Amino acid sequence: MTATAKSIGIIGGGYTGLTAALRLAQAGHNVTVWERGDFGGQAATIPLGDTRIEIFYHHLFQSDTHIQALATELGIGDKLMWLPSNVSYFADGRLLPLNGALDLLRLNIIPIWDRVRVGLVTLWLQLQKDWKKYEGITADEYLTKMLGRNAYEKTLGAQLKAKFGSYHDRVSMVWFWGKIWLRTKSRKNPLEQEKLGYFKGSFQVVANALVQACRDAGVTMSDHTGITSLEQSGDGWVVNTHSGAEHVDIVLSTTPSTIFQKLVSGLSTDYRTRLNALEYEGAIVTLLELDHALTDTYWMNIADPEMPFTAVIEHTNFVGPENYGGRHLVYLSKYVEQNHPYFGLTDDQIMTEYLPHLQKLNPAFSSDWIKRRWIFRERAAQPITPLHYSEKIPDLKTPLDNLWLANTTQIYPEDRGTNYAVRLGEDVARRILAEM
Ligand SMILES: Cc1cc2nc3c(=O)[nH]c(=O)nc-3n(C[C@H](O)[C@H](O)[C@H](O)COP(=O)(O)OP(=O)(O)OC[C@H]3O[C@@H](n4cnc5c(N)ncnc54)[C@H](O)[C@@H]3O)c2cc1C
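Start counting at 1 in the sequence shown, then tack on 302, and there's your number in the working numbering.
As structure tokens, then:
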């Protein structure tokens, strides 16, 4: 331990908190991580037979270099597999493959000229490196202008509405550009089938390796310990849990901003306004274990306003069913406003809404195929990027002394993800160390 070692308390044991904890402990500080649930955060897993599966579907893009470098450093680089993926689009009652330019030209839900237009706009966006020029326009406005109303409503607009609901006309074009740009960077050759990354044994392999590396570096790891409040005390902070209190020199919160604001009093109105500039959308994700395959596609974007879910992700069309005792795993994903009535529904009520729609994807589907099901809810799932967000983004250093914040609202211009959580954890640790 260095002579100037500080005590640092980290709230949240997701990828941001764990990465920051590792770097701060490696620099010689006394670090404690408090996590209210299991380590892993939004990338947490549940047991399934002799392996595990994510509560929320997860994969990596080849452009996710920060998490790949961390995996190599932690000695689990050989667990990262790159597997072919495939994408379909559900519209007009049909599942249409959408894996590249040729599939787009065959997408006969819109006239051929509109298909060419969608292709040209996508190609144009793939070539744009300067995201700043998209800060002042919403994706809705830009894409309507570029594609024409009909093509927009039937394709990218339908997807934006499915994903963002009532927020769809507020999302910045920077968010949409990021999706296209990163996907482009992720393919070495645009004509090749896309490959996505997954860890053999699930993303739990990463969380376990991070937790072990933290312990080896001397971090005190407290899972199932929720923080109830933070109080300023001298130059430091008192961190309160249900079972006690601890004094630390520095606090780093990696919780969503909505939770952070409830934990700490004394934040100025100005700073709260900054925190609230970006709203979150929630996610309700159902995981089905089936004894038959539902489809032959990994990722299905749903552009049918009558379907109650936004995307269907058949995980076992990506990582084969032989890894799960022959069972098929299907996620039904639904993004919703934080106050959406679905958050008030029971699991049974949600399933009653969903079941009739699964036959649209496979007419042979029967509810007898479902062997087990789980429904997971996350209120701070997807940040909604507003216009000119680069001017509104809250700094990692809060206005209160020795209090830091690092969460998905500070990832920009990219969209949140495990790769960027690792990058954010590294960045905030570097900033804290630089300011000591
Ligand atoms: C549906 C869905 C699909 C996704 N798919 C992908 C994907 O395919 N690929 C990808 O890379 N990323 C994906 N992500 C995003 C990725 O999982 C997250 O961006 C990343 O895990 C965020 O890490 P984090 O540590 O910043 O936040 P979190 O994982 O949210 O960690 C914050 C932690 O703080 C804890 N906490 C909150 N309040 C308290 C408290 N009071 N006391 C103590 N602890 C507290 C929480 O329990 C949580 O563990 C997906 C996310 C969702 C919701």
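By construction, the Cβ of each residue, glycine as well, lies at the ideal position given by its N, Cα and C atoms.
Remember, predicted model here, so these are calculated numbers, not experimental data.
- Distance from the C-beta of V333 to the nearest heavy atom of ligand 1 is not below 6 Å.
- Boundaries cannot be given for H526, as no beta strand (DSSP E) includes it and DSSP labels it neither H nor E.
- For E455, the enclosing alpha helix (DSSP H) has its first and last residue at R451 to K456.
- For P607, DSSP records no beta bridge to any residue.
- In terms of CA proximity to T367, G719 leads the group S504, G719, R733 and Y633.
- Ranked by how close their Cα comes to the Cα of R517, the residues G727, L458 and V335 have V335 in first place.
- T457 is positioned such that its CB atom lies closer than 7 Å to that of V420.
- Just measuring C-alpha positions, the residue of T556, L362 and R675 sitting nearest V621 is L362.
- Take the alpha-carbon of E728 and the one of K564: they are about 25 Å apart.
- The beta strand (DSSP E) runs lying completely inside the segment 638-709 and spanning 3 residues or more are 672-686 and 705-707, given in chain order.
- In the displayed model, V420 falls within a helix according to three-state DSSP.
- The Cβ-Cβ distance between L596 and E616 falls below 7 Å.
- Within the same chain, Cβ atoms closer than 7 Å to the Cβ of F562 are found at S555 and L707, the five residues on either side in sequence being excluded.
- When C-beta atoms of the segment 337-348 are compared with those of the segment 507-514, three or more pairs fall below 8 Å, so the two segments count as touching.
- By the CB criterion at 7 Å, Y637 and A579 fall outside the cutoff.
- P715 places its beta carbon less than 7 Å from that of G480.
- Looking at the DSSP output, A393 bridges to R396.
- Cβ contact annotation for P610 (same chain, cutoff 7 Å, sequence separation greater than five): K636, E655, Y656 and H659, in chain order.
- In the DSSP assignment, no residue is bridged to L320.
- With contact defined as three or more Cβ pairs closer than 8 Å, the segment 618-633 and the segment 345-356 are in contact.
- Relative to ligand 1, even the nearest heavy atom lies 6 Å or more away from the CB of V638.
- By the Cβ-count criterion, V476 is buried, with 16 or more other Cβ atoms from all chains shown falling within 10 Å of its own Cβ.
- Between S309 and D551, the gap from beta carbon to beta carbon is short of 7 Å.
- Here D394 is exposed: its Cβ has fewer than 16 other Cβ atoms, across all protein chains shown, within 10 Å.
- Shown here, E737 sits in coil according to DSSP, grouped into three states, outside any helix or strand.
- DSSP lists S390 and V614 as the beta-bridge partner residues of M602.
- Relative to ligand 1, the nearest heavy atom lies less than 6 Å away from the CB of Y317.
- In this structure, the alpha-carbon of N704 lies about 10 Å from that of E737.
- For S559, the enclosing alpha helix (DSSP H) starts and ends at S559 to L565.
- If you look at T571, you'll find it in the alpha helix (DSSP H) that goes T571 to L577.
- For L362, there is no enclosing alpha helix (DSSP H), as DSSP marks it with neither H nor E.
- Set against 6 Å, the gap from the CB of V423 to the closest heavy atom of ligand 1 is not smaller.
- It is roughly 11 Å from the alpha-carbon of T648 to the alpha-carbon of R679.
- Distances from the CB of T557 to the heavy atoms of ligand 1 include at least one below 6 Å.
- Here I414 is exposed, its C-beta having fewer than 16 other C-beta atoms within 10 Å.
- Counting the other CB atoms within 10 Å of its CB gives D572 a total below 16, which places it among the exposed residues.
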